[in-house]
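Undergrad:
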Amino acid sequence: MTPYFDTSALVKLYAREEGSTEVKRAVARAGSVTTSIVAYVETRSAFARKRRFADIDDTALRHYKREFEQDWTRFNRLPVDAITIRRAGDLVERYRLRAYDAVHLATAELFQQEIRSAVYFVSFDDALNGAAAKQGFTLIADA
Numbered sequence: 000m001t002p003y004f005d006t007s008a009l010v011k012l013y014a015r016e017e018g019s020t021e022v023k024r025a026v027a028r029a030g031s032v033t034t035s036i037v038a039y040v041e042t043r044s045a046f047a048r049k050r051r052f053a054d055i056d057d058t059a060l061r062h063y064k065r066e067f068e069q070d071w072t073r074f075n076r077l078p079v080d081a082i083t084i085r086r087a088g089d090l091v092e093r094y095r096l097r098a099y100d101a102v103h104l105a106t107a108e109l110f111q112q113e114i115r116s117a118v119y120f121v122s123f124d125d126a127l128n129g130a131a132a133k134q135g136f137t138l139i140a141d142a
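For the sequence shown, position 24 matches number 23 in numbering that gives the first Met the number 0, and the numbering has no gaps at all.
(1) Which runs of the alpha helix (DSSP H) spanning at least 4 residues fall entirely within the segment 56 to 105, listed in chain order?
(2) Hey, which unbroken runs of the alpha helix (DSSP H) at 4 residues or more fall wholly within the segment 4 to 52?
(3) Would you list the residues sitting across from F120 in a DSSP beta bridge?
(4) Tell me which same chain residues have a C-beta within less than 6 Å of the C-beta of D100, skipping the five on either side of it?
(5) What separation, rounded to the nearest whole angstrom, lies between the Cα atoms of A132 and G30?
(6) Going by DSSP, what residue range makes up the alpha helix (DSSP H) through D125?
(7) Do the CB positions of F136 and F120 come within less than 8 Å of each other?
(8) What residues in its chain sit with their C-beta under 7 Å from that of Y13, if we drop five residues either side in the sequence?
(9) Can the beta-carbon of E108 be found closer than 8 Å to that of R86?
(10) Which word fits A81, buried or exposed, when buried means at least 16 other C-beta atoms lie within 10 angstroms of its C-beta?
(11) What's the gap between the Cα of R50 and the Cα of L60?
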């Protein structure tokens, strides 16, 4: 099974948070990271928010950014096109998701259709996980 990582999971590759071990294990098993291109700005935003709220210092922020930039070039970055956006619009209404969460779910669905193989969803957002489970995805906790 191929994993799809949302931003809440990607951040755990860099910041020590609950779930970091599971995410690193999932990456090691898969040998790669697949995510939406929108994860770039979301991940950088999460790092900046950690700095703003003094969860990390400037040195840690620079380290996270450097590591992320190196990894980003190796990630399988899926595009967001008009089909993805329209599907995300449907998911926003159906599950009351935040916009980028719906984009992640729509991207994972379209990726699964494209590769014609099961994809499991790696996220640490309860609302998004609930929607992903209702859409038939296996979650990291179940993989």
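We treat Cβ as the ideally placed atom computed from N, Cα and C, and that holds for glycine. These numbers were taken from a predicted model, which means no experiment stands behind them.
TA: Judging by the given coordinates:
(1) 57 to 71 and 81 to 94
(2) 6 to 10, 19 to 29 and 38 to 51
(3) Y3 and L138
(4) L127
(5) 24 Å
(6) D125 to K133
(7) yes
(8) Y63, E66 and F67
(9) It is a contact, given that the beta carbons lie within the stated cut-off.
(10) exposed
(11) 7 Å
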